[in-house]
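Below is one structure, written out as structure tokens; the observations come after it.
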Amino acid sequence: MAKVLYSVTMSLDGFIAGPGGDMSWLTPFLGPDPLVTELISRTGAILVGGRTFRGDSPHRGTEAEGQVFGGGWSGPQFVLTSRPPREPLPGFTFVTDLQEAVTAARAAAGDGYVDVLGARTARSCLEAGVLDEVLTCIAPVLLGDGVRLFDHPGGTTVALERMDVSHTPLSTNIWYRVAR
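Residue numbering for the sequence shown follows the numbering used here, beginning at 237 and increasing consecutively.
Here's what the structure looks like:
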């Protein structure tokens, strides 16, 4: 069965997007990374939150704008949203229920990963007990403000077990398993 993974690049001070969801800060840190290349090959489906789906792209203004991994990945994408579009969008399945979205994405992913995109969706997966792993690529930058990796004041403590650590000139990658 597919595992649900939240993969994300984060600033050293814990932000995954700048103020207003700005992703332009990420552009200088996109580059070759063997771990991300391996992840792309192991990803069977994407589960993306509605805000992330409609949001900014670090590839803004290029042919790769709005594409998962800058166009390096293609496959089934499930968008968790309370506002699905009226008309179908090729390549996307819009789902309003988290459990339904995860079940469908896992089925589509087969033995691969369901890669979660979006802070709120990842937090919802964590709270629902369906998030299996977290891959955090830490970029050497301080943003000072924006969207936090996991922002849940008063939330519960979640234990993680480190699975792997790797380094590139552009980031330090830490892969965790959610302890159950």
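Glycine included, each C-beta is placed from N, C-alpha and C at the ideal position.
Could you tell me which of A375, S407, D381 and L371 sits nearest to M399, measuring between CA atoms?
L371
In whole angstroms, what separates the C-alpha of D368 from that of T392?
17 Å
Can you say whether A364 is buried or exposed, counting buried as having 16 or more other CB atoms within 10 angstroms of its CB?
exposed
So, for G382: in the same chain, excluding its five sequence neighbours on each side, which residues have a beta-carbon less than 6 Å away from its beta-carbon?
F251, A253, G254 and P255
Please return the same chain residues whose Cβ sits closer than 6 Å to the Cβ of T357, not counting the five positions on each side in sequence.
G285 and L316
Contact check, L248 vs V401 under 8 Å by CB: the rounded distance?
Their Cβ separation, rounded to whole angstroms, is 15 Å, which puts L248 and V401 out of contact at 8 Å.
Report the residue ranges of all beta strand (DSSP E) runs contained in full by the stretch 343 to 386; include only those spanning at least 3 residues, in chain order.
349 to 353 and 369 to 375
Just checking my contact of V331 with F314 at CB under 8 Å: how many whole Å lie between their CB atoms?
6 Å
Nearest to C361 (by Cα), restricted to the options L283, T279 and L262:
L283
Which one of R384, G311 and Q335 has the shortest CA to CA distance from P326?
G311
V394 and V240 look like a contact to me (Cβ under 8 Å); what is the Cβ gap, rounded to whole Å?
Not a contact, Cβ separation roughly 14 Å.
From F386 to V272, what distance separates their C-alpha atoms?
21 Å
Tell me whether W309 sits in a helix, a strand or coil according to DSSP, three-state version.
coil
Helix, strand or coil for T288 per DSSP?
helix
How should S243 be labelled, buried or exposed, when 16 other C-beta atoms within 10 angstroms of its C-beta is the threshold for buried?
buried
Would the beta-carbon of L367 be found less than 7 Å away from any heavy atom of the ligand MN?
For the structure depicted, the ligand MN is absent and the ligand set is empty, with no information on it obtainable.
Helix, strand or coil: how does DSSP classify T332 here?
coil
Limits of the alpha helix (DSSP H) - the one that S243 falls within:
Counting along the chain, S243 falls outside any alpha helix (DSSP H), though it belongs to the beta strand (DSSP E) covering K239 to S247.
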